[in-house]
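Report on one structure; see the data block that follows.
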Amino acid sequence: MTTEQKGLFPSTSTASGRRVVVQEHSPEVEVVTSEPSAMTLYTGGGAISPQGEAPPVAALAMLENALQITERMAQVVSSLRVAAIKMTDPVDWVLSMDKQKNEAAMLTASGAQKIASLYGIQLSPLEGATLEPQRAQINGKLAFVLQCTASSRLLGRSIEIEATRREDEEFTGRATDEKGDFKFNADHAFEPDLKKAVRTLAITTAVRELVGLKNVSRQELDSCWLGTTKSTERCRFGHGYGTSQDRSAAGVAEGDVKIKAKELGDEILRRVGGDTDAAKTVLREITVNKDGKYARDSVAQFTKVEQVEWAAERLKKHPVFGDASQRREPGE
Amino acid sequence: MSKIQDLTAALGEAWVENTRRVKGWKPRQGPRDYLTASNLSECGRAMALDLLHPEDNPPFDDDTLERFYRGDDAETAKNARLHQVGMLCRPPFKVHGQQREVEIFARDGKTLLIRGKVEGTLEFYTERLEIDYEIKSGQAVAHVETLDDMLRGYWTRKYVRQFVSYLYAQVRGGRGSGLGVFILDRPGLPVLIPLDLAEDGRLLELAERTLTAAEWAVEARFDARELPPFATDQGLCRRCVHLGKSCHPPIDFGPGAHIDDDPVAAAMVAEYLETKEPSTRHERAKRFLFGDAKKPGRYRSHPLALVAGEYIVEGEWGPYTRYEIPEEIKEKHKVVDPKGQWKTTVTKLASTAKD
């Protein structure tokens, strides 16, 4: 049985040409929309009205209880946002901090996958295309690009997105050498993995943009997780919280690594005669690799025992503070 | 002399090295011409892409390789036991054809579709009957009791698909009885699950569907046919190694949350949450006083009890009808409906984004 003006989503059939039907007195009381409707959930922003139709605001203005409907829709959208955050875990967010110490969180790929079903996210290829990322060259580097339309059935919004991944980016899967063999840190990205990274990015971007979880305040996350074991303390820390080496070392370095790293630090300091600046320079020299990467400014940045041992070996061979110079007698 | 910690570390490294050398596997870089029986997918397109793009498979990590190793160990041990068990069994059997290579051809009899190995055959020589067997072990079969359980699990369904394909191909080739038995290794006695292709229509249908899909996959491999369609079950896609690499199915996360704005429903949900805690306390007190199926209540067998000088608790024996059905009868009538119950949880959205 259907009636009009029941609940807080009344029928808007006369105004917009769409139907919002409330089924009453049934165990499955539900709001049924004939199609994803901008009217159903007007968010107040973005392209929410299909072309050629009256804008939602104009349609609403024709209704007697427009204000009530709009307020209720805003409430529902707000509740959905809370529900979405509750569905995620701290590891699904990356916190960043600007120079004014404002902290904001961004939803990551794992989180986007969790909440996509809540909003009924759909990615459709552009006309005449498929969802297969297309090969491109960006600054001389191989890249894959996926252009598509992303929509939310629940919000009634759709946007066009473009996701791109270049082969010189990190975390895009396996890499191969010149012969095509899989190698860690090789120059050539493995194309299937790079394509998959593009697809993942497209889904993540779609969810973030449509739902508005690109820049969420830390307070909002904590407020939504109140009363649970979730906390922003366990989120991933990104830009603004020190270097990536510091962050990874702080979390991983334990036990033997810390002890050995401290021993190495003391040894360097001893060899340079207590000059901390010189010690820092020596540490950088013995930790930098042949490509000029991974130089460490502090022994707290070591995460593995092997790294400390490798640095200790290089210290022994250091041209100025190595073992050979240490054995020299004063004045020699 | 080295410290025990050093020696232990060396032992651990050598163990990993041994695992890698014996079970190490490198993703194949070029297309292959036939499917491997242990990797028959429910999705025809995935099978075709297994042939065309085997490089999509990521390499296995050391833990997974070790599990493969352990699986081999379990098979070897169980195969040895079967020889002893065969002599005690009535009717007796002998084991032969262990690790026999099986090739499954298309209906034309020429095109190789699937290649694999059958664990072995139990020959009940007094009955003139041969039954193929497969040994499976590991976490995937740890809680499997029946064929229905196997058909429900994603990984165990793969085992069934593999085995029934062998059985079906043998029957189709005029060999074999269409009978098989799974020997599932786990702590304690193994679980034995019989398969009868002629009796169980589900198995026959699974075998036919698998081989038809395999034929399509091989045809697609040689450009004789287009790729099979995308799977409709997105759960399959999520586990598939080809997703996003060589397979680009539509991305659709469903209709979204159902918005119910009925005040009656809202009131009922609120009441459910409000009464949940008192109801739990009530149930706890009831269990303490009157007991439940597992534990008798505090005043059982006491017709009259005075509690703290304030309450009278009365009780008496009454009739109770129960049905003592033997386990084997119960098992016979056991039906597990994958959609038999709907689990519901309610969470209050305590705060809103505006708070």
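Residue numbers (the working numbering), protein chains in the order written: chain A, 1 to 332; chain B, 1001 to 1355. Glycine included, C-beta positions come from ideal geometry on N, C-alpha and C.
List the endpoints of the continuous beta strand (DSSP E) containing Gln134(A).
134-138
Among Glu313(A), Thr303(A), Glu132(A), nearest to Glu267(A) - alpha-carbon criterion
Glu313(A)
Can you round the beta-carbon distance between Ala206(A) and Ala150(A) to whole angstroms, since I take them to be within the 8 Å contact cut?
3 Å
Could you tell me whether the Cβ of Asp1006(B) comes closer than 8 Å to any Cβ of chain A?
no
With the cut-off set at 8 Å, would you say Leu194(A) and Phe237(A) are in Cβ contact?
no
Is it right to say His1356(B) is buried, meaning 16 or more other beta carbons lie within 10 angstroms of its own, or is it exposed?
This structure gives no information on residue 1356(B), because the portion of chain B shown stretches from 1001 to 1355.
Continuous beta strand (DSSP E) assignments of at least 3 residues falling wholly in the segment 1285-1322 of chain B:
1304-1307, 1311-1314
Chain A contact for Asp1355(B) (CB, 8 Å cutoff)
Low local confidence applies: a pLDDT of 38 at Asp1355(B) is under 50, so the model's placement there is unreliable, and no value is given.
According to DSSP, is Ser78(A) part of a helix, a strand, or is it coil?
helix
Ala1267(B) versus Lys1332(B), Gly1309(B), Lys1348(B), residue with shortest Cα-Cα distance:
Lys1348(B)
Would you please verify whether the beta carbon of Ala47(A) is less than 8 Å from any beta carbon of chain B?
Residue confidence is low: Ala47(A) scores 32 on pLDDT, short of 50, so the model does not pin down where it sits. Its coordinate-derived value is still stated next. For Ala47(A), the answer is no, since every Cβ of chain B falls outside 8 Å of its Cβ.
Name, please, each residue of chain B whose Cβ falls closer than 7 Å to the Cβ of Gln147(A).
In chain order: nothing, as chain B lies at least about 13 Å away.
Contact under 8 Å by Cβ, Asp92(A) with Gly120(A):
no
Against chain A, which members of the segment 1251-1275 of chain B pass a CB distance test of less than 7 Å?
Ile1251, Asp1252, Phe1253, Gly1254, Pro1255, Gly1256, Ala1257, His1258, Ile1259, Asp1260, Asp1261, Asp1262, Pro1263, Val1264, Ala1265
Residues of the segment 226-237 of chain A whose Cβ lies closer than 8 Å to any Cβ of chain B, in chain order
Leu226, Gly227
Buried or exposed: which applies to Pro1091(B), given that a residue is buried once 16 or more other Cβ atoms fall within 10 Å of its Cβ?
exposed
Ala1257(B) to Arg157(A) span [Cα, whole Å]
15 Å
From Thr1210(B) to Val1022(B), what does the alpha carbon distance come to, in whole angstroms?
31 Å
Chain-ordered neighbours of Asp193(A) on chain B, where CB pairs are closer than 8 Å
Lys1245
So, helix, strand or coil for Lys1245(B), using DSSP?
coil
For a test of the three-state rule: what should DSSP assign to Gly1201(B), helix, strand or coil?
helix
Check the C-beta distance from Ala1214(B) over to Leu1035(B) and give it rounded, since I have them as a contact under 8 Å.
6 Å
Comparing alpha-carbon positions, which option in Leu155(A), Ser217(A), Glu191(A) lies nearest Thr164(A)?
Glu191(A)
Less than 8 Å between the C-beta atoms of Leu226(A) and Ala84(A), yes or no?
no
Would Val1269(B) and Val1346(B) qualify as a contact pair, given that the criterion is a beta-carbon distance under 8 Å?
yes
With DSSP collapsed to three states, give me the class of Ala1010(B).
helix
Bridge partners - Gln147(A), DSSP secondary structure assignment
Glu162(A)
Residues of chain B with CB closer than 7 Å to the CB of Glu132(A), please, in chain order.
His1248
Checking contacts by CB at 8 Å: is Glu1055(B) closer than that to chain A?
yes
Contacts that Thr1347(B) makes with chain A (C-beta to C-beta distance below 9 Å):
Ala83, Lys86
Show which residues of chain B have a CB atom less than 7 Å away from the CB atom of Ile121(A).
Phe1253
For the putative contact between Phe1163(B) and Leu1122(B), defined by C-beta atoms under 8 Å, what is the C-beta separation to the nearest angstrom?
Actually they do not touch by this definition, with Cβ atoms about 14 Å apart.
Starting from Gln1084(B), follow the alpha helix (DSSP H) in both directions and report where the run begins and ends.
1062-1088
Roughly how many angstroms separate the alpha carbons of Asp98(A) and Gly240(A), rounded to a whole number?
6 Å
List, in order along the chain, the chain B residues whose C-beta lies closer than 9 Å to that of Val76(A)?
Ile1259, Asp1261
So Lys196(A) and Gly1244(B) are in contact, right, with Cβ under 8 Å, and what is the actual spacing, rounded?
3 Å
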